[in-house]
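Contents: one structure, followed by commentary.
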Amino acid sequence: MKPEERVKYLSTIDLFEHFSHEELSNFAEKVQEVRINADEVLFHEGAPGDDMYILLDGQLKVNKDAKFITNIKPVEYIGEMAIIESKPRSATVQAVLDSTLLKITSAQFQEYFSTQPESLVSLMRTLSHRIRRNTEIIAEEFEKANILIHDMKNQMASFLFLDLMARETKVEGQLRLLKVMQNSRDNLTAMMAEALALAKRQNLPRSYKIDSLQEMMHEVRDSEVTAHPDLKDREVNFVFGENVPQIFFCRVEMHRALVNLLLNAAQASPNGGPIDVELSTDNGNGVIRVMDRGTGIPEKIRARIFDTHFTTKENGNGLGLASCRNVVERLHGGELSFHDRDGGGTVFTMALPLKSDSCFLDE
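With this note's numbering, letter number 361 in the sequence shown gets 348, and the count goes up by one each step, no holes.
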């Protein structure tokens, strides 16, 4: 695109409305033109960058945490946050159509806009609009989720028939399965109550008590390991150390954490290798280790695996390991760690203090 054509485009943007024709022409000659094809990524969320872009033609889309946020149309600009904050990209920008952009470096921004306070006001106006719109989207989706959880909780009423069936059933095998379903119902009800309390910004007391990690692990073995489609056909071996004392913890939360680690192990083992789960004590902690024979965790992503929404799976949501860390470290004052397993695979370790006090729990 010729410089005079660039000037024509730029003159329609509020960012440049106070530039003289000479300043605009000089600017148009210096900035770099960038072309990207449809589906090509301009930049990724979390990537370093200190350039902003102005879309001249085509269309872009903005995704955050793999979720669509908005479209960018011609003469709109994108990437300005990297220049203002000098931080990694806050979202991923991808071309919807073949697109042409102008790239403005941080140095060019400082040179041309530092003496144009009116342009900075225009930039702040655009940022304010985007932040307000993002806030509205979050509020709308939060409300939809609250309504859905509320209605799901109402649907749980029919599961009370499980209690009636348990009272009338005398067959041992059926009683065991009914107990598994009752536990799952109670756990789900507790999690829904917690979600609704969070929506109302209320603190819902969790059921912390002196309890048995071994019993919790038996519960997981008899429920998710038996029924979950990612686990039921797997070889999952449980080994329980001797003389592991009862400790102070929330069974519902630790149940969630263990299930997430088991699912992570299963999904990391495409060859269907065995999963080993061990309970022991070590250095004043009750320790649960989940060990797989998968491909291991590449060095380049190790620092990010506990980040919310970070995932390497095509249909993953990146919440499982983040949830585990929250449960173990924030809610129990413990530690969640991982290391390579001898012979291949990964070991995830949940360590909970044998002696703890409820005062450290972050509600």
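Every residue, glycine too, gets a C-beta built ideally from N, C-alpha and C.
Check	Outcome
Beta-carbon separation (whole angstroms), Arg76 vs Glu32, contact threshold 8 Å	6 Å
Cutoff 8 Å; reference Phe55; Cβ partners in own chain excluding five residues on either side	Lys48 and Val49
Cβ neighbour criterion (16 or more within 10 Å) applied to Val207	buried
Per DSSP, cross-strand counterpart(s) of Asn50	Phe55 and Thr79
Whole-angstrom distance between Gln81 and Pro340, CA atom to CA atom	46 Å
CB-CB length for Val314 against Arg243, believed under 8 Å	6 Å
Boundaries of the alpha helix (DSSP H) in which Ala244 is found, first to last residue	Arg238 to Gln254
Stretch-stretch touch, CB-based, cutoff 8 Å, three pairs: the segment 136 to 143 with the segment 176 to 186	yes
CA nearest to the CA of Pro104, picked from Glu211, Thr298, Phe3 and Asn121	Phe3
Alpha-carbon spacing of Gly322 relative to Asn270, whole angstroms	The residue asked about is misnamed: residue 322 is Glu in this sequence, not Gly. Rounded to whole angstroms, Glu322 to Asn270 spans 12 Å at the Cα level.
Cβ-based burial, Lys342 [other Cβ within 10 Å; buried from 16]	exposed
Backbone CA spacing between Ser210 and Met152 [nearest angstrom]	18 Å
Host beta strand (DSSP E) of His326 (start-end)	Glu322 to Asp327
Among Arg112, Leu266, Gln142 and Leu250, the one whose alpha carbon lies nearest that of Pro232	Leu266
Proximal residues to Val334 (C-beta, below 6 Å), its chain only, five neighbours per side dropped	Arg276, Met278, His326 and Arg328
Cβ-based neighbour list, Gly228, same chain, cut-off 8 Å, excluding 5 preceding and 5 following	Glu265, Leu266, Ser267 and Thr268
One or two residues paired with Pro340 in a DSSP bridge	Asn272
Bridge-paired residues (DSSP) for Lys90	Gln19 and Tyr40
Nearest neighbour of Asp52, chosen from Arg312, His5 and Gly305 [CA to CA]	Gly305
When Ser324, Arg280, Gly281 and Asp263 are compared against Ala290, the one with the closest alpha-carbon	Ser324
Separation of Arg163 from Lys157, as counted between CA atoms	10 Å
Paired residues, beta bridge with Tyr(-4) - DSSP	Bridge partners of Tyr(-4): none, in fact.
N-terminal and C-terminal residue of the alpha helix (DSSP H) that Asp209 is part of	Leu200 to Asp209
Backbone CA spacing between Phe146 and His215 [nearest angstrom]	19 Å
With 16 other Cβ atoms within 10 Å as the buried cut-off, status of Thr122	exposed
Element boundaries [beta strand (DSSP E), containing Phe30]	Val28 to Phe30
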